[in-house]
Each structure stands twice: as structure tokens, then as C-alpha cells.
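Sequence positions in the sequence shown follow the working numbering and run 662 to 1052.
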Amino acid sequence: MINVVLPGIGTIISAFTVWDSQTCYESEASPSAVFCLNILAGFLQLLLTPLIVGYLWSVFWAILFIQLSRKWYISTLNERTPTLDRFPCSYRPPCLTTGEKLQNRFIVENLIGYGSFGQIFSGKDIKKNNRKVAIKVEPKFKNSDVADGNDPRRLIIEKNVLIELRGKRHIPLIFASGKDPSHENPYYVMEFLGDNLTNLRKQKPQQKLSQSTSFRIAQQISLALENLHSIGYIHRDIKPSNCCIGIENKRRIYLVDFGMCRKWRLDDGKTRSPREIAPFRGTIRYASSRALTQQECGPTDDLIGWLYSVIELYQGHLPWAKIADPQEAIRLKAAMPITELCEAMPPPFFECFEYANSLGLNVIPDYAKVQKCLHDCLPENCNINDPYDWE
């Protein structure tokens, strides 16, 4: 019993009783030899037991830490873009310098965030009464970036899409583009926007938006998707955090982050041939089943991603949102019937989702029909001029 509480002490004490032990005298070993061995064994226990216990505790905590870290990391995959989940630009020094002047017009201010492939700075336009602007920049392309999985065309793709969509109501304005004179890092300057829909939703007490706000938002972004698809591009990463409110007009919602865009229809009007394996682009939580199974995607997949987003905005969550294992989340999405997914949604929303699932790869959805379904989801007493939840 003493050895359980203080390992080694019991053995040492027992050494002193060996002189009176008849068993010892009857054995071939002398009492002094047994005494010395017990003393030695006791001291070894005293020395080694804390080391062994300490080692085992260290192993236990190390395993626990690794498992918890792994669980946390996997869970974040549902929130992030799997192909770009490390945000490599966040590990690099700022591509622009505070106070730097671009095109003798834009003054760089602060680094405010990271996109899928670049850094985002706030700035001001000194030729427009110091109007606030956002400056998106990516590091100068190096040959090694291809091996690292970075696509040097992403900022160029985003810039080209913004130029083609210039003037559309729910697309941010692009003001200029170029390369900074110091390091030749490519950049573009765009309209500065407000918070994204995910943050706005999480600011609500129940972390969900009202029916009136949710479906007016849904209508606005579906218009942005119609604009994007009409010029032959798909977005491939539709989600609430890629939708922002305006600064001056907080009632207008903008679709952002076009760096993952892909041409689905060529300039001659023909659609691109589908690839046998299309590497996944997007975010697991909102991606369509086609995207998750690495099939070629089209306009419908953007719409499905947006419908998933609307469910999250209105209900506060998606059924698979808290599942740590991405593969398990994918299995649940595939197995869940639309009727169950849309059970708490207004009935016209189910019709909209069913319609989206019925469309082929290269079909542009009938957005007039989509708009009507989403409009019919609004409450009866809803007025288009009602304040949004964040107003």
C-alpha cells in the first residue's frame, strides 16, 4: 500500500524487516544481500517512477493535443477554400508599403485582410476627395509558384471579370490596375465595401437573419449571378462571406472575390468541353454535389451554392456545418433529401431548389423564375423599403 502512495518507500522499509524474517535465513541468500538489494530497488523506484510517470503524462497530453489540433484543423476546412486553405499570402510580408502612392492617385493605407490568393489594403483616392478604396495585390509571379499550387492568373482573372461587369448593380466598381513600382506586384483598385453577410448574420442574437432580410438578399445576389453567367463565367466559390454590403448604401449587396472564376462559355458562344476530373474549387459547406465529386461545374452549381447560403442565412446553420470530417459532411449532403433540407423554408424555396437540381451542366438558370420563387418566399406584410436587419 505504501508503494502505491510513495513508490519505493515500501521497498526500503521492507529491507529493514528482512533481518527478522525467518524466510530469509532459510533461503540461500544472506540477510545482508537481501537488505542491500531491497535498498537498491527502493531507491531505483524512487528515481525512475517520477520519470516514467512524467513521460507517460507527456505522451498522453501530446496525443490529446494532436487529436484536438487535428479536429480543429479539419473543422475549419468546412469554412475555408480547401485548395487555398493556407492563404499563402498571409505568411509573406506586406506587398505594399503604407503611404505608397500608386498611379499618382491612390495612397496605400493599412493591410486589412487576405483573400484566397492576395492581400487587401485600404487606401484613399486623392483625386476623388480622398474617397476610401480597397487595393487587392498579389506577390509578383515566380516560376516556383506553380509548384506551390499558386495560380498567377487569379488576380488577372478577377480584374478581367470586374471590368466586364463594370456598372452592374451588385458588382463592385474597379477603378484602376497595374503593378506597384517598387516590387512589380500586380494590383487593382476597387470600391471599398462594408461587412460580409456571414459576419452580419453572426452579429444577430440567434445568429440568423429575418425572413424579410434573407430573401431580399437572395434576390439581389441572384441578379449578380445572372450578370456573371451572362458573360460566360462561373464563380465557383459562392458563399455568404463572399457577399458584402455597401458603405454608402448599406441596403445593396455585392458579390465579390472572383479569383476562382472559370470561363464556361467561350467567346464564340460554344461551351467548353467538360474535363474528366475537375479539381475541386470552392468551400465544402456550400458546394454542389457535382463540385464535391470533382465533376465539371456550370452556372447551376453557382445557383445551388447560393441556395445553400440562403438556408444558412435564414436558419442560422446548415445540417453538416459542425461535422469535423469533410468526407462525412459530403456524405451527409449527398444523402439528405431536398424535402428535409428545405423543411423549415417557405414552400416556394423548395420549388426553387428542385428546379436548380433539375438543370443540366451548361444551362443558364431561368433567373426570372428564380426571382419569382425568391420573391414569393417573402412574408406577406413585407415592404421592399423595410429596413434590413443591420440598419
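Yeah, the Cβ is synthetic: ideal placement off N, Cα and C, and Gly gets one too.
{"Check": "Nearest to Gln988 by alpha carbon, out of Cys958, Leu968, Asn1023, Ala948?", "Outcome": "Ala948"}
{"Check": "Bridge partners for Val850 per DSSP, in chain order?", "Outcome": "Ile796, Ala837"}
{"Check": "Taking Cβ to Cβ, would you say Gly839 is nearer than 7 Å to Leu816?", "Outcome": "no"}
{"Check": "Taking Arg913 as the reference, which of Gly784, Arg830, Pro755, Ala1017 has the closest Cα?", "Outcome": "Arg830"}
{"Check": "For Leu889, which option in Asp929, Ala939, Pro940, Asn821 has the closest C-alpha, if you only look at C-alpha atoms?", "Outcome": "Asn821"}
{"Check": "So the beta strand (DSSP E) Ser783 belongs to, where does it begin and stop?", "Outcome": "780-786"}
{"Check": "In whole angstroms, what separates the C-alpha of Thr998 from that of Leu979?", "Outcome": "Per the sequence shown, residue 998 should be read as Pro rather than Thr. Roughly 13 Å separates the two Cα atoms."}
{"Check": "How close, in whole Å, do the beta carbons of Leu763 and Asp841 come, if the pair is a contact with beta carbons under 8 Å?", "Outcome": "6 Å"}
{"Check": "Is it right to say Pro1053 is buried, meaning 16 or more other beta carbons lie within 10 angstroms of its own, or is it exposed?", "Outcome": "Within the shown structure, residues of the chain are numbered from 662 to 1052, placing residue 1053 beyond reach of any answer."}
{"Check": "Please state if the CB of Asn1023 and the CB of Gly943 are separated by a distance shorter than 7 Å.", "Outcome": "no"}
{"Check": "Count the C-beta pairs between the stretch 844-859 and the stretch 1028-1045 that are closer than 8 Å, then say yes if the count reaches three, no if not.", "Outcome": "no"}
{"Check": "For Glu857, write down the residues that DSSP places opposite it in a beta bridge.", "Outcome": "The sequence shown places Asn at residue 857, not Glu. Cys905."}
{"Check": "Would DSSP call Arg946 helix, strand or coil?", "Outcome": "coil"}
{"Check": "Whose CA, out of Ser873, Asp963, Gly907, Gln955, lies closest to the CA of Pro1007?", "Outcome": "Ser873"}
{"Check": "Can you list, in chain order, the residues of its chain with a C-beta nearer than 7 Å to that of Ser883? Leave out the 5 residues immediately preceding and following it.", "Outcome": "Trp967, Tyr1028, Val1031, Gln1032, Leu1035"}
{"Check": "Is Leu979 helix, strand or coil by DSSP?", "Outcome": "coil"}
{"Check": "Does the count of Cβ pairs from the stretch 897-905 and the stretch 858-874 closer than 8 Å reach three?", "Outcome": "yes"}
{"Check": "Could you check where the beta strand (DSSP E) with Ile818 kicks off and where it finishes?", "Outcome": "Unbroken run through Ile818 is the alpha helix (DSSP H), 815-825; no beta strand (DSSP E)."}
{"Check": "Just mark Leu717 as buried or exposed, buried being the case when its beta carbon has 16 or more other beta carbons within 10 Å.", "Outcome": "exposed"}
{"Check": "Measure the Cβ-Cβ separation of Arg1061 and Glu957 and say whether it is below 7 Å.", "Outcome": "Within the shown structure, residues of the chain are numbered from 662 to 1052, placing residue 1061 beyond reach of any answer."}
{"Check": "Look at the Cβ atom of Ile965, then the Cβ atom of Trp925, and state whether they are nearer than 7 Å.", "Outcome": "no"}
{"Check": "Spatial neighbours of Cys1003 within its chain, please: C-beta separation below 8 Å, excluding the five flanking residues on both sides.", "Outcome": "Ile972, Phe1010, Phe1011, Phe1014"}
{"Check": "On a CA-only basis, which of Arg877, Pro800, Phe767 is nearest Phe853? Give me that one, please.", "Outcome": "Phe767"}
{"Check": "By DSSP, does Gly966 sit in helix, in strand, or in coil?", "Outcome": "helix"}
{"Check": "Taking the alpha carbon of Ile1025 as the reference point, which residue from Gly893, Gly828, Arg792 has its own alpha carbon closest?", "Outcome": "Gly893"}
{"Check": "For Ile991, which residues of its own chain have a beta-carbon under 6 Å away from its beta-carbon, when the five flanking residues on both sides are left out?", "Outcome": "Leu953"}
{"Check": "Taking the DSSP output, what are the residues bridged to Lys762?", "Outcome": "Ile768"}
{"Check": "Buried or exposed for Pro833, please, with buried defined as at least 16 other CB atoms from any protein chain shown within 10 angstroms of its CB.", "Outcome": "buried"}
{"Check": "For Asn791, which of Lys801, Val769, Phe726 has the nearest alpha-carbon?", "Outcome": "Val769"}
{"Check": "Report the CB separation of Arg877 from Leu974 in whole angstroms; it is logged as a contact under 8 Å.", "Outcome": "Actually they are not in contact, since the Cβ atoms of Arg877 and Leu974 sit about 11 Å apart, beyond 8 Å."}
{"Check": "So, with DSSP's three-state summary, where would you put Leu1035?", "Outcome": "helix"}
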